[in-house]
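Here the working numbering is used: the first residue of the sequence shown is 46, the next is one more, and so on. Glycine included, C-beta positions come from ideal geometry on N, C-alpha and C.
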Amino acid sequence: YPEQGVPFTPDKARLQYQDVNLTAADGTRLHGWWLPAKEGVPVKGTVLHLHGNGGNLSWHLGGVWWLPEQLSLIHI
Numbered sequence: 046y047p048e049q050g051v052p053f054t055p056d057k058a059r060l061q062y063q064d065v066n067l068t069a070a071d072g073t074r075l076h077g078w079w080l081p082a083k084e085g086v087p088v089k090g091t092v093l094h095l096h097g098n099g100g101n102l103s104w105h106l107g108g109v110w111w112l113p114e115q116l117s118l119i120h121i
């Protein structure tokens with residue numbers, strides 16, 4: 046623990062994304078994905094999704110994959 050690697054990525058779901066690396070005030074490094082709203086979609090906002098400590102990014106992509114239809118998403 047934590048599981049090494051990410052078995053399922055937005056790329057495999059045919060979603061546009063960029064890797065995001067952040068550093069918290071205490072020095073903790075965070076990795077996430079930024080999924081922009083789909084091209085041509087008027088962006089209504091950006092959702093910051095913090096999945097918590099269970100699993101990894103790929104485990105939780107299934108619950109948020111649809112958001113780029115209307116919003117940008119930062120999935121950490």
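Task: First through last residue of the alpha helix (DSSP H) which encompasses H76 - done: On the sequence shown, residue 76 is found 31 positions in, with the first residue counted as 1. Where H76 is concerned, there is no enclosing alpha helix (DSSP H), although the beta strand (DSSP E) it sits in stretches over R74 to L80.
Task: Straight-line gap, Y62 to A70 (C-alpha atoms, nearest Å) - done: For the purposes of this step, residue 62 is taken as residue 17 along the sequence shown, with counting starting at 1. For the purposes of this step, residue 70 is taken as residue 25 along the sequence shown, with counting starting at 1. As the crow flies, the alpha-carbon of Y62 is around 25 Å from that of A70.
Task: Whole-angstrom distance between G85 and I121, CA atom to CA atom - done: Counting from 1 along the sequence shown, the entry for residue 121 is found at position 76. Counting from 1 along the sequence shown, the entry for residue 85 is found at position 40. Distance between the alpha carbons of I121 and G85: 25 Å.
TODO: Please go through the segment 59 to 116 and give each complete beta strand (DSSP E) segment of 3 or more residues, from N-terminal end onward.
DONE: 63 to 68, 74 to 80 and 91 to 94
Open item on the list: Using only CA atoms, which one of G90, V88, V109 and H96 lies nearest to H76?
Closed with: Reading the sequence shown from its first residue, position 31 is the one you call residue 76. Per the Cα distances, H96.
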